[in-house]
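Novice: Protein sequence lines, in the order shown, are assigned to chains A and B.
The first sequence: position 18 = 18 (the UniProt record's numbering), numbered continuously.
The second sequence: position 31 = 31 (the UniProt record's numbering), numbered continuously.
There are 2 protein chains.
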Amino acid sequence: MDSAVAREQALDAAEKLFYGRGIQSVGMDDVRGTSGVSLKRLYQLFPAKEQLVEAYLERRDERWRERLAAHVEAHGDPRGRLLAVFDWLEQWFGEDDFRGCAWINAYGELGATSARVTTQVDAHKRAFRDYLEGLVADAGLPGALAGQLYLLAEGAMVTAGITRATEPARQAREAARVLVEAAAG
Amino acid sequence: MDSAVAREQALDAAEKLFYGRGIQSVGMDDVRGTSGVSLKRLYQLFPAKEQLVEAYLERRDERWRERLAAHVEAHGDPRGRLLAVFDWLEQWFGEDDFRGCAWINAYGELGATSARVTTQVDAHKRAFRDYLEGLVADAGLPGALAGQLYLLAEGAMVTAGITRATEPARQAREAARVLVEAAAG
DNA sequence: GCAGCTGGAGAACGTGCGTTCTCCAGCTGA
DNA sequence: TCAGCTGGAGAACGCACGTTCTCCAGCTGC
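#1: Give the range of the alpha helix (DSSP H) segment to which residue 129 of chain B is assigned.
#2: Can you list, in chain order, the residues of the UniProt domain "HTH tetR-type" (4-64) of chain A whose Cβ is nearer than 9 Å to any Cβ on chain B?
#3: Could you tell me the alpha carbon to alpha carbon distance between residue 32 of chain B and residue 164 of chain A, rounded to whole angstroms?
#4: Hey, is residue 171 of chain B's beta-carbon within less than 8 Å of any beta-carbon in chain A?
#5: Any beta carbon from chain B within less than 8 Å of residue 132 of chain A's own beta carbon?
#6: Determine the direct distance from the alpha carbon of residue 47 of chain A to that of residue 40 of chain A, and round the result to whole angstroms.
#7: In its own chain, which residues sit with a C-beta less than 6 Å from the C-beta of residue 168 of chain B, not counting the 5 before and 5 after it?
#8: Assign residue 23 of chain B to one of three DSSP states: helix, strand, or coil.
#9: Unbroken alpha helix (DSSP H) runs of length 4 or more, entirely within the region 41-126 of chain A: which are they?
#10: I'd like to know whether the C-beta of residue 152 of chain B is nearer than 8 Å to at least one C-beta of chain A.
#11: Kindly say whether residue 91 of chain B, judged by its beta-carbon, lies nearer than 8 Å to any beta-carbon of chain A.
#12: For residue 35 of chain A, which of helix, strand or coil comes out of DSSP?
#13: Between which two residues does the alpha helix (DSSP H) containing residue 177 of chain A stretch?
#14: Look at the alpha carbon of residue 181 of chain B and the alpha carbon of residue 137 of chain B, and state the distance between them as a whole number of angstroms.
#15: Looking only at its chain, what residues have a beta carbon closer than 7 Å to the beta carbon of residue 9 of chain B, apart from the 5 residues adjacent to it on each side?
#16: For residue 141 of chain B and residue 151 of chain A, I'd like the C-alpha separation in whole angstroms.
#17: Is the CB-CB distance between residue 115 of chain A and residue 21 of chain B below 8 Å?
#18: Hey, is residue 110 of chain A close to the ligand NAP, as in C-beta under 7 Å from one of its heavy atoms?
#19: At a CB-CB cut-off below 7 Å, which residues of chain B make contact with residue 159 of chain A?
#20: Who are the near neighbours of residue 171 of chain A in its chain, counting only those whose CB is closer than 8 Å to its CB and skipping five residues on each side?
#21: Taking only beta-carbon positions, decide if residue 117 of chain B is within less than 8 Å of chain A.
#22: Quick check on residue 164 of chain B: does DSSP put it in helix, strand or coil?
#23: Does the CB of residue 108 of chain A have a neighbour CB from chain B at under 8 Å?
#24: Cβ atoms of residue 24 of chain B and residue 109 of chain B: under 8 Å apart, would you say?
#25: Using beta carbons (cut-off 8 Å, strictly below), is residue 168 of chain B in contact with chain A?
#26: From the beta carbon of residue 96 of chain B, is the nearest beta carbon of chain A less than 8 Å away?
#27: Can you pull the chain B neighbours of residue 122 of chain A, defined as C-beta to C-beta under 9 Å?
#28: Under a CB-based cut-off of 8 Å, is residue 127 of chain A close to chain B?
#29: Mind checking residue 5 of chain A: buried by the 16 CB within 10 Å criterion, or exposed?
#30: Can the beta-carbon of residue 88 of chain B be found less than 8 Å from the beta-carbon of residue 75 of chain B?
#31: Would you report the Cα separation of residue 126 of chain B and residue 61 of chain B, rounded to the nearest angstrom?
#32: Taking the straight line between their C-alpha atoms, what separation do you get for residue 54 of chain A and residue 18 of chain B?
#33: Of all Cβ atoms in chain A, is any one closer than 8 Å to the Cβ of residue 83 of chain B?
#34: Applying the criterion that 16 or more other CB atoms from any shown protein chain within 10 Å of the CB defines a buried residue, is residue 147 of chain A buried or exposed?
#35: Which value, in whole angstroms, describes the spacing of the CA atoms of residue 86 of chain B and residue 173 of chain B?
#36: Does any residue of chain A bring its CB to less than 8 Å from the CB of residue 141 of chain B?
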């Protein structure tokens, strides 16, 4: 079996299991069972579980931001793109396997003990925030607005994760709309 | 030693350790060492670690909400009380041992595996939200505002926990001010 | 003083799991 | 055909930790 294929299969299984059941409650043997990649191969690809977790977060980050950007870019006007972020959140929250924000969860589990995880979480959150800043700038709105929208989005993710409801996305969107209008003067 | 005293000492140690290092990375032996309460006594007071965790979250919830309320109630006018919530968050974020929201962290760690933890997190978040709803009602503002302020507060907690900065509280406060003014029409 | 109870210290037990090792089936090249 | 390599299955190892057990010092009531 090709190494690259095994790697993808391992990461597919890791993502499904880590995201769905939490990182610490999933053993390397579970990853082997779900992926069909032997333990020997797993340890060739990832020298320790921590690196597998790191790679899982990294690959998910790329895909998550691509999905968000694809949805947002479909909207023509700059101000509509800002609100489209919250529409996408609502869509995401409604997915069957939604269990909150993978990075917030990972931080709660391992932030205190794994520097690699902390780094991934920081990088992901900073990238999301930078993206919002870009959207705000494109709309010709003041930079301070980006931080406010970011907090709304984070609050919605946490709350949707705990309550398993999509409603927080709509509440956040409505608040965002008010903030955008106020900022536009 | 009195049973009630031993219980308090155990909970003091549990809170310090669980909050500071995460729940899963603290062993019952660590709790014994820090509290000075023997393992035998610990297991008489709490039949299993899960119950100790539950009691930790429950007691912290009472204290956390008391501290918040004490700070907020010091402000005379209803609208000022709403913004005082965010002032208190800033103060909390700035404490030396601040490591994010204990319930969000606990949910990330154990939400997928412990029903007792999930119940505590739900109860705490609902109580905080109810409290905000009361403040919004007292200020004669529309109920929908409460959910928005709640999301801002949650976003600030998560972000302050990850970045170890107090700034999110001020950003959230500023956004809250705009939303309150818009809602007051 | 002495039987009997209480509670502490810490050893012991069992399990889960990250990581490594052993063994072997099946392929490759001469 | 046969030595040699590859990779898989799964046993084995070591450790951490939740939980329980053993032993004993110190106290109580007669």
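No residue lacks a Cβ here, since even glycine has one placed at the ideal position from N, Cα and C.
Specialist: Looking at the coordinates:
#1: Here residue 129 of chain B refers to the residue found at position 129 when the second sequence is read from its first residue. Per DSSP, residue 129 of chain B is one residue of the alpha helix (DSSP H) stretching across 115-138.
#2: So the close ones are 20, 21, 22, 24, 25.
#3: What you label residue 32 of chain B is simply residue 32 of the second sequence in a count that begins at 1. What you label residue 164 of chain A is simply residue 164 of the first sequence in a count that begins at 1. In this structure, the alpha-carbon of residue 32 of chain B lies about 37 Å from that of residue 164 of chain A.
#4: In the second sequence, the residue the question calls residue 171 of chain B occupies position 171. With 8 Å as the cut-off, residue 171 of chain B counts as an interface residue toward chain A.
#5: Residue mapping note: residue 132 of chain A aligns to position 132 of the first sequence, counting from 1. Output row for residue 132 of chain A: interface = no.
#6: Translated into the one-based positions of the first sequence, residue 40 of chain A becomes position 40. Translated into the one-based positions of the first sequence, residue 47 of chain A becomes position 47. Residue 40 of chain A and residue 47 of chain A: Cα-Cα distance of roughly 10 Å.
#7: Against the second sequence, residue 168 of chain B aligns to sequence position 168. Here the set comprises 156, 159, 160.
#8: To locate residue 23 of chain B, count along the second sequence from 1; it is residue 23. Note: residue 23 of chain B maps to coil in three-state DSSP.
#9: Counting only runs of 4 or more, we get 49-73, 78-93, 102-110.
#10: Residue numbering aside, residue 152 of chain B sits at position 152 when the second sequence is read from its first letter. Yes, contact with chain A.
#11: In the second sequence, residue 91 of chain B corresponds to position 91, counting from 1. So no, residue 91 of chain B is outside the interface.
#12: Numbered from its first residue, the first sequence carries residue 35 of chain A at position 35. Helix.
#13: For the purposes of this step, residue 177 of chain A is taken as residue 177 along the first sequence, with counting starting at 1. Run containing residue 177 of chain A: 167-184, per the alpha helix (DSSP H) assignment.
#14: Translated into positions along the second sequence, residue 181 of chain B becomes position 181. Translated into positions along the second sequence, residue 137 of chain B becomes position 137. C-alpha separation (whole angstroms): 15 Å.
#15: Taking the second sequence and counting its residues from 1, one reaches residue 9 of chain B at position 9. In chain order, 35, 36, 37 place their CB closer than 7 Å to the CB of residue 9 of chain B, counting only its own chain and leaving out the 5 sequence neighbours on each side.
#16: Residue numbering aside, residue 141 of chain B sits at position 141 when the second sequence is read from its first letter. Residue numbering aside, residue 151 of chain A sits at position 151 when the first sequence is read from its first letter. Rounded to the nearest angstrom, the two C-alpha atoms are 22 Å apart.
#17: Counted from its first residue, the first sequence places residue 115 of chain A at position 115. Counted from its first residue, the second sequence places residue 21 of chain B at position 21. In this structure, the beta-carbon distance from residue 115 of chain A to residue 21 of chain B does not fall below 8 Å.
#18: Ligands in the displayed structure: none, and consequently the ligand NAP is not present.
#19: As a working mapping, residue 159 of chain A is identified with position 159 in the first sequence. For residue 159 of chain A, the chain B residues whose C-beta falls within less than 7 Å of its own C-beta are 151, 154, listed in chain order.
#20: Along the first sequence, read from residue 1 onward, the residue named residue 171 of chain A stands at position 171. Around residue 171 of chain A: 156.
#21: Within the second sequence, numbered from 1, the residue matching residue 117 of chain B stands at position 117. No, residue 117 of chain B lies away from the interface with chain A (no Cβ there is under 8 Å from its Cβ).
#22: Position 164 of the second sequence holds residue 164 of chain B. Coil at residue 164 of chain B, not helix or strand.
#23: For this step, residue 108 of chain A is matched to residue 108 along the first sequence. Residue 108 of chain A belongs to the set of residues whose beta carbon lies under 8 Å from a beta carbon in chain B.
#24: As a working mapping, residue 109 of chain B is identified with position 109 in the second sequence. As a working mapping, residue 24 of chain B is identified with position 24 in the second sequence. Residue 109 of chain B is a Cβ neighbour of residue 24 of chain B, given a cutoff of 8 Å.
#25: Numbered from 1 along the second sequence, position 168 holds the residue referred to as residue 168 of chain B. Judged by the 8 Å Cβ criterion, residue 168 of chain B is in contact with chain A.
#26: Translated into the one-based positions of the second sequence, residue 96 of chain B becomes position 96. No, no contact with chain A.
#27: By one-based count along the first sequence, residue 122 of chain A stands at place 122. Under the 9 Å cutoff, chain B gives 162, 163.
#28: Counted from its first residue, the first sequence places residue 127 of chain A at position 127. No, residue 127 of chain A lies away from the interface with chain B (no Cβ there is under 8 Å from its Cβ).
#29: Along the first sequence, one-based indexing puts residue 5 of chain A at 5. Counting the other CB atoms within 10 Å of its CB gives residue 5 of chain A a total below 16, which places it among the exposed residues.
#30: The residue given as residue 88 of chain B occupies position 88 in the second sequence. The residue given as residue 75 of chain B occupies position 75 in the second sequence. No, they are not a contact pair.
#31: Residue numbering aside, residue 126 of chain B sits at position 126 when the second sequence is read from its first letter. Residue numbering aside, residue 61 of chain B sits at position 61 when the second sequence is read from its first letter. If you take the alpha carbons of residue 126 of chain B and residue 61 of chain B, they lie about 11 Å apart.
#32: Mapped onto the first sequence, residue 54 of chain A falls at position 54. Mapped onto the second sequence, residue 18 of chain B falls at position 18. Taking the CA atoms as reference points, residue 54 of chain A sits about 24 Å from residue 18 of chain B.
#33: One-based indexing of the second sequence puts residue 83 of chain B at position 83. Not closer than 8 Å to any Cβ of chain A, the Cβ of residue 83 of chain B fails to qualify, so no.
#34: Counted from its first residue, the first sequence places residue 147 of chain A at position 147. Answer is buried; the Cβ neighbour count reaches 16.
#35: Taking the second sequence and counting its residues from 1, the one referred to as residue 86 of chain B is at position 86. Taking the second sequence and counting its residues from 1, the one referred to as residue 173 of chain B is at position 173. Cα to Cα, the separation comes out at about 5 Å.
#36: If you number the second sequence from 1, residue 141 of chain B lands on position 141. No - not a single Cβ of chain A is within 8 Å of the one on residue 141 of chain B.
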